[in-house]
Structure formats: structure tokens, C-alpha cells
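Numbering-wise, the sequence shown is residues 169 to 450 according to the working numbering.
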Amino acid sequence: MNLEIRGVTYHLEVEGNPAAEPTAILLHGFSGSCADWQALLPRLRGMGRAVVCVDLAGHGLTPAPSDPARYTMPETVRDLDAIAAQVGADRSDWVGYSMGGRVALHMALAHPSRVRSLVLESASAGIEDPQSRARRRRSDDALARRIEERGIGWFADYWGTLPLFETQWELPPATLSALHQRRLTNSTAGLAHSLRGMGQGAHDYLGDRLHEIREDVLFLAGERDLKYLDVARRAADALPGARCVIVPGAGHTVHLEASDAFAEALATFWNAVPQRAEPAPA
């Protein structure tokens with residue numbers, strides 16, 4: 169389905185009835201789309217969840233707004249709040265992968281009444297050191313310029329060869345090919361603007377605000393993704409009551425590389441989350 173939100177036509181995949189069932193809202197990573205979650209949807213429905221997948225601006229079947237400001241974290245979570253309201257999802261279980269995990273974290277801090285729980289897969293709270301954050305911002309801007317100059321085909325080839333995704337190379341050829349084809353569906357302008365607006369160098373570090381989150385949080389990473397394994401453990405240690413699951417054999421894209429273990433981790437976590445009609449008290 170499509171929803172018009174402040175002039176942008178967002179593409180969503182909706183399974184079940186978010187207004188009447190517990191709901192999971194899934195947010196893809198950079199250059200991803202709703203299609204990345206398709207194999208997981210039957211499992212989530214089997215857990216009694218309605219499911220809402222969102223193509224973020226400039227990704228998948230959601231067009232790229234011309235205004236770069238629409239790609240910032242505050243504007244993105246404003247749109248997501250409106251999307252949740254329109255589909256009737258009052259308090260949902262938000263699941264975010266990589267960039268989508270950072271979006272979900274911003275969502276929990278900006279609109280806590282929308283959040284029952286958070287699952288942050290291979291995601292960080294941003295970059296703490298201001299100088300490192302500025303370097304990352306410059307690096308992301310340089311990549312954005314290359315995408316604009318060389319096009320989406322160049323980007324899809326380049327992105328798939330990054331060491332961060334080397335464990336994906338072990339996936340079946342058909343799966344790897346489908347992943348590559350999905351990257352090609354994105355908008356050149358959308359990816360460039362997303363890097364500048366939602367890249368790790370573009371937003372504040374949220375690690376010192378984790379204590380503000382009162383809802384249940386699961387940090388999840390693959391054991392072969394050493395950077396984000398460490399990020400997940402440190403973030404969970406910084407947030408009392410948070411859970412951390414490290415999935416054996418998986419790399420950065422746990423939901424794709426180890427979908428059974430990913431689904432099991434979600435089911436175990438959600439079963440332990442208290443049913444509350446309102447956000448947890450501060």
C-alpha cells in the first residue's frame with residue numbers, strides 16, 4: 169500500500185491488522201527496502217504479529233523527495249509517527265537493521281508513546297567522538313557525490329564488495345543476486361540524500377541518552393561482525409535491563425544470513441516483554 173505523508177508517497181507492506189493486533193514495524197538498512205524482510209514475514213505472522221514494513225525515503229518504491237531536509241532523522245521519525253498513526257499502530261515493536269536501527273532509536277526517543285519495544289540489529293547509537301563524527305560526515309558526503317556522479321549501478325557493485333558484507337558472499341547465488349537487484353531499485357538522489365541526512369556522521373550521538381528509554385530493548389549482532397558485536401554488547405551494558413543476543417555464524421545482516429536464529433531471538437524477546445497499554449514510567 170502507499171500512504172501520502174507530507175507530500176511524500178511512502179510505500180508500505182502491511183500484513184494483518186495493525187489497529188487490532190500486536191504490531192511489528194520493520195525498518196531496513198541503507199540501500200535496502202521492504203523486500204529485505206519478505207522471508208521473515210510468515211514467521212512474524214506466526215508469532216501473532218501484524219507487520220508493517222516501510223520503504224524509507226528514496227529507497228525501494230518510495231520516491232526521493234527533492235528537499236534534502238526530508239532525509240534528516242527528525243523529519244524521518246516525524247513521517248514514521250504519521251505512518252504509524254495512519255495504519256492504526258498505537259504502540260508497536262520496532263525492529264531496525266543498521267541505519268534502520270538508528271532510525272528506530274531516534275523514534276523511541278522522539279515518540280516513546282509509539283514504542284512497546286525495540287530490536288536494534290547491527291545498529292549503533294552514532295559516533296561519540298566529535299572529530300570522528302566530522303570525518304565520517306565528510307566520508308559520507310564523498311560517497312554521496314560518487315553515487316550522484318557514477319549512478320546506482322556503480323553503487324550496487326561497490327556496496328556489495330565492502331568487507332562489512334563479506335559474510336553475505338557465502339549466501340546462495342540466487343539470494344545474493346536478488347539482494348543486488350534490490351539495491352538497483354533505489355534512487356540515486358535518495359541514497360545520496362540519505363547518506364547526508366541519516367549517515368552516522370549526520371546526527372548526534374545518542375549513547376548518552378539510552379537511559380531515557382523505558383521500554384524493553386534487544387541489541388542483536390552476528391558473531392562474525394566484530395565491530396557491531398562490540399557495539400551491541402557495550403550498548404546493552406549501558407542500558408539497564410537491555411538484552412543482547414549474539415548470533416553464531418552470522419555477519420552484519422543477521423536477518424538474512426541466519427533468519428531462523430533471528431526469528432527465534434525476536435520470539436523469545438517479545439514473549440518476555442510486559443504487555444502495557446502505556447509507556448513504562450520513568
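Where is the CB? At the ideal position from N, CA and C, for every residue including glycine.
Since the structure is predicted, the reported quantities are computational estimates derived from the model, not experimental observations.
Taking the Cα of residue 315 as reference, the smallest distance to any Cα among 355, 200, 172, 241 is reached at 355. Each residue's CA atom was taken as its position, placing residue 422 and residue 402 some 19 Å apart. The Cβ neighbour count for residue 379, taken over all protein chains shown within 10 Å, is under 16; the residue is labelled exposed. For the pair residue 266 and residue 196, the Cα-to-Cα distance works out to about 8 Å. Here residue 284 is buried, its C-beta having at least 16 other C-beta atoms within 10 Å. Rounded to whole angstroms, the Cβ separation of residue 176 and residue 194 is 19 Å, and the two are not in contact under 8 Å.
Within its own chain, the residues whose Cβ lies closer than 6 Å to the Cβ of residue 279, once the five positions on either side in sequence are excluded, are 249, listed in chain order.
Under the 10 Å beta carbon count, residue 335 is surrounded by 16 or more other beta carbons and is classified as buried. At a Cβ-Cβ threshold of 8 Å, residue 416 and residue 432 do not count as neighbours.
Approximately 19 Å separates the beta-carbon atoms of residue 364 and residue 293; this is outside 8 Å, ruling out the contact. Contact between the stretch 302-311 and the stretch 369-386 is present: three or more C-beta pairs spanning the two stretches fall below 8 Å. At the C-beta level, residue 186 and residue 245 stay beyond 8 Å of one another.
In the three-state DSSP reduction, residue 179 falls in the strand class (E or B). Linking residue 169 to residue 202 through their CA atoms gives a straight-line distance of about 12 Å. Rounded to whole angstroms, the gap between the alpha carbons of residue 225 and residue 243 is 10 Å. Proximity to residue 413 across 330, 345, 387 peaks at 387, based on C-alpha coordinates. The C-alpha of residue 409 is placed about 29 Å away from the C-alpha of residue 251.
Annotated three-state conformation of residue 170 is strand, per DSSP. Counting only the Cα atoms, residue 318 lies some 19 Å from residue 234. Residue 377 is bridged by DSSP to nothing; it lacks a bridge partner. Residue 244 sits in a helix when the DSSP states are folded into three classes. Around residue 180, the same chain offers 169, 170, 171, 202, 220, 221, 222, 223, 251, 255 as residues with beta carbons nearer than 8 Å, after the five sequence neighbours per side are excluded. Partner residues in the beta bridge of residue 262, as assigned by DSSP, are 193, 286. Taking C-beta separations shorter than 7 Å and ignoring five residues to either side along the sequence, the partners of residue 192 in its chain run 212, 217, 219, 260, 261, 263, following chain order.
In the DSSP annotation of this structure, the continuous segment of the alpha helix (DSSP H) that includes residue 437 starts and ends at 427-440. Straight through space, the alpha carbons of residue 288 and residue 361 are spaced by roughly 23 Å. Under DSSP, residue 295 shares a beta bridge with no residue.
Take residue 384, set aside five residues on each side of it, and the residues of its chain with a beta-carbon closer than 6 Å to its own are 285, 441, in chain order.
Residue 419 sits away from residue 398, with the two beta carbons spaced by 8 Å or more.
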